[in-house]
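Student: I have a structure here, written as structure tokens, and I will follow up with some questions on it.
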Amino acid sequence: MKLQRSGFVAGIALTATIALTACGSDNTDASSSKDGGSSAAAISCGTGSLTAQGSTAQKNAMDEWIKAYQGSCASAPVEYQGTGSGAGIEAFSAGTADFAGSDSALKDEEVAAADAKCPGGKAINLPMVVGPIAVVYNVSGADGLQLSASTIAKIFSGKITKWNDAAIAAENSGVTLPDATIETVHRSDESGTTDNFTKYLTNAAEADWTYDHAKAWKAPGGTGAAKSDGVASKLKSTPNTISYVELSYAENSGLQTAKIKNGAGEYAELTADSAGKTFENATVKGTDGDLSLDIDYNTTTAGAYPIVLVTYEIACSKGSAKAADIKSFLTYTSSTDGQAELKDLGYAPLPETLRAKVAASVAAIS
1053 MKLQRSGFVA GIALTATIAL TACGSDNTDA SSSKDGGSSA AAISCGTGSL TAQGSTAQKN
1113 AMDEWIKAYQ GSCASAPVEY QGTGSGAGIE AFSAGTADFA GSDSALKDEE VAAADAKCPG
1173 GKAINLPMVV GPIAVVYNVS GADGLQLSAS TIAKIFSGKI TKWNDAAIAA ENSGVTLPDA
1233 TIETVHRSDE SGTTDNFTKY LTNAAEADWT YDHAKAWKAP GGTGAAKSDG VASKLKSTPN
1293 TISYVELSYA ENSGLQTAKI KNGAGEYAEL TADSAGKTFE NATVKGTDGD LSLDIDYNTT
1353 TAGAYPIVLV TYEIACSKGS AKAADIKSFL TYTSSTDGQA ELKDLGYAPL PETLRAKVAA
1413 SVAAIS
């Protein structure tokens, strides 16, 4: 998979698609699709700056989107900092971020503070990036490792401590496994990636994972590393380690990724396409423009890779002083052109039915 794309090339591509729309305060939408979605040609550039922060899982996507958007909308700068999902939500609620990126939808206890920043409206969760979570490992000679949810849960809860344990060997016939102690690595900061990884274990390995899902790591033992790049760096430099990280970070660091057993009994290889298949059965549980999702981690869809997260942009449906600028930028990220950028970055585009719903919610921001 091709991981790095020139911002210059992306900027040229976006310039070509939105050539009918000049940047400036007199811009109007050129067109809109019948299903509520927008192509890049329909985007009016913002007129002010945006500051956002949060999920590190979507940082690579945001960086590319910002380059492309600013290629045609230089008068509307956007800054995104990968501070982690928890920090992003806190910044949004404190009024220091115009929108937040989070690998989990707002929790019940976070809603009131977020809504308070949206006079006349509410904070909504907009799924924007499908980010496959890779189970990554650094074990010399153990190429093509296959793991079930049960085995993963036992490893990360400390019930399996050796790489040549019988449970791992049973799933990896013919693979040379060393008699070495497993070092698990987890996020040391609060992370939506951790929340989604443990949601997977909670749902797919209930008998073996006795800890609830959370942004903060709950299981004992293991080594903590800060943010996604810290986890990737630790794995890269330390033999006999295993962890979880977004696909884009795994590939950028050249880490080995395991095939994961899905609800159909297949060991699915992690690709953008196999991760996207898991979202075929995702359902929208939010209402009134909120599109928080319920993901089926036990999906029986053929070829589906089951450990996935979706990063949400958390924004005001109404009442934000930056509403027009937020709407402009998110119109691009939710467009077919914006979503098409993701596949080359280690992500999966939103399924079209979901993308259209997201674009419609963005279009209603005021």
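The sequence shown maps to residues 1053 to 1418 in the working numbering. For glycine and all other residues, C-beta sits at the position ideal for the given N, C-alpha and C.
Determine the contact status of K1267 and S1386, defining contact as a CB-CB distance below 8 Å.
Tutor: No. Outside cutoff.
Student: Anyone know if the C-beta pair for D1231 and K1214 falls short of 8 Å?
Tutor: The answer is yes: Cβ separation under 8 Å.
Student: For G1338 and V1410, I'd like the C-alpha separation in whole angstroms.
Tutor: If you take the alpha carbons of G1338 and V1410, they lie about 12 Å apart.
Student: So, with DSSP's three-state summary, where would you put V1410?
Tutor: Of the three classes helix, strand and coil, the one that applies to V1410 here is helix, per DSSP.
Student: Give the range of the alpha helix (DSSP H) segment to which S1295 is assigned.
Tutor: Here S1295 belongs to no alpha helix (DSSP H); instead the beta strand (DSSP E) covers 1293-1298.
Student: So what's S1202 in DSSP terms, helix, strand or just coil?
Tutor: Three-state result, S1202: helix.
Student: For E1142, tell me which candidate among S1243, N1304, A1109 has the shortest Cα-Cα distance.
Tutor: Ranking the options by Cα distance to E1142, first place goes to S1243.
Student: Are there three or more Cβ pairs, one per stretch, closer than 8 Å when the stretch 1202-1216 is compared with the stretch 1374-1394?
Tutor: No, the stretch 1202-1216 does not touch the stretch 1374-1394.
Student: Comparing the CB of I1118 with every heavy atom of the ligand ATP, is any distance shorter than 7 Å?
Tutor: The ligand ATP is not part of the structure shown, which contains no ligands of any sort.
Student: Tell me which same chain residues have a C-beta within less than 6 Å of the C-beta of L1307, skipping the five on either side of it?
Tutor: Taken in chain order, the residues that qualify are V1188, L1287.
Student: Within the chosen definition, does the stretch 1177-1187 reach the stretch 1360-1372 through at least 3 CB pairs nearer than 8 Å?
Tutor: Because the criterion of three Cβ pairs below 8 Å is met, the stretch 1177-1187 and the stretch 1360-1372 touch.
Student: Have a look at A1392 and P1401 and give me their C-alpha separation to the nearest angstrom.
Tutor: Looking at the two C-alpha atoms, the distance is approximately 6 Å.
Student: Figure out for me which residue from L1199, A1218, S1280 has the closest Cα to the Cα of V1237.
Tutor: Comparing Cα-Cα distances from V1237 to each of L1199, A1218, S1280, the minimum goes to S1280.
Student: Using three-state DSSP, classify G1244 as helix, strand or coil.
Tutor: In this structure, G1244 counts as helix in the three-state DSSP scheme.
Student: Could you tell me whether any Cβ in chain B is nearer than 8 Å to the Cβ of Y1132?
Tutor: The displayed structure is made up of one protein chain only, and chain B is not part of it.
Student: Are the stretch 1106-1116 and the stretch 1339-1358 touching, with three or more C-beta to C-beta distances below 8 Å?
Tutor: Result no; under three Cβ-Cβ pairs closer than 8 Å.
Student: In three-state DSSP terms, what is I1212?
Tutor: Residue state, collapsed to three classes: coil.
Student: May I ask which residues mark the beginning and end of the beta strand (DSSP E) holding V1360?
Tutor: From DSSP, the beta strand (DSSP E) with V1360 extends over 1360-1368.
Student: Using a Cβ-Cβ cut-off of 7 Å (strictly less than) and excluding sequence neighbours within five positions of K1374, which residues of its own chain qualify?
Tutor: If we look at K1374 and ignore the five residues flanking it on each side, its Cβ neighbours are G1100, L1102, D1150.
Student: Locate the alpha helix (DSSP H) running through S1285, then write down its first and last residues.
Tutor: 1279-1289 is the extent of the alpha helix (DSSP H) around S1285.
Student: DSSP on V1061, reduced to helix/strand/coil?
Tutor: Note on V1061: pLDDT 33, under 50, position unreliable in the model; no value is reported.
Student: Which residues in the same chain as G1173 place their Cβ atom closer than 6 Å to its Cβ, once the five residues preceding and following it in sequence are excluded?
Tutor: So the list reads C1368, S1369, K1370, G1371, once near-sequence residues are dropped.
Student: Looking at the secondary structure, which residues open and close the beta strand (DSSP E) in which Y1384 lies?
Tutor: Premise fails: Y1384 lies in the alpha helix (DSSP H), 1375-1385, not in any beta strand (DSSP E).
Student: How many Å lie between Q1133 and G1193 at the Cα?
Tutor: The straight-line gap from Cα to Cα measures roughly 37 Å.
Student: Taking C-alpha atoms, which residue in I1204, A1416, N1190 lies nearest to A1259?
Tutor: If we check each option's Cα against that of A1259, I1204 comes out closest.
Student: Please say whether L1199 and A1310 have beta carbons closer to each other than 8 Å?
Tutor: For A1310 and L1199, yes; Cβs fall inside 8 Å.
Student: CB-CB under 7 Å to A1113, same chain, minus the five flanking residues each way: which ones, in chain order?
Tutor: Closer than 7 Å at Cβ, skipping near neighbours: V1181, L1394, L1397, Y1399.
Student: Just to confirm my understanding: we take S1418, look at its own chain, exclude 5 residues before and 5 after, and list those with CB closer than 7 Å. What are they?
Tutor: K1370, A1375.
Student: Using a Cβ-Cβ cutoff of less than 6 Å, which residues in the same chain neighbour N1255 once the five nearest sequence positions on both sides are dropped?
Tutor: Excluding sequence neighbours, N1255 sits near Y1349.
Student: Buried or exposed, going by whether 16 or more other CB atoms sit within 10 Å of the CB of D1241?
Tutor: Its Cβ being crowded by 16 or more others within 10 Å, D1241 is buried.
Student: Over what stretch of residues does the alpha helix (DSSP H) that includes G1140 continue unbroken?
Tutor: Note, G1140: alpha helix (DSSP H), 1137-1146.
Student: Using the Cα positions of S1202 and D1167, report the straight-line distance between them to the nearest angstrom.
Tutor: Those two C-alpha atoms are separated by around 39 Å.
Student: Classify A1109 as helix, strand or coil using the three-state DSSP reduction.
Tutor: DSSP places A1109 in coil when its eight states are reduced to three.
Student: Looking at V1360 and L1345, is the spacing between their C-beta atoms short of 8 Å?
Tutor: Not in contact: L1345 and V1360 (Cβ atoms no closer than 8 Å).
Student: Indicate the three-state DSSP secondary structure (helix, strand or coil) for D1346 in the structure shown.
Tutor: In this structure, D1346 counts as strand in the three-state DSSP scheme.
Student: Of all the alpha helix (DSSP H) runs that stay within the bounds of the stretch 1219-1279, which reach a length of 4 or more residues?
Tutor: DSSP runs (the alpha helix (DSSP H)) wholly in the stretch 1219-1279: 1244-1256.
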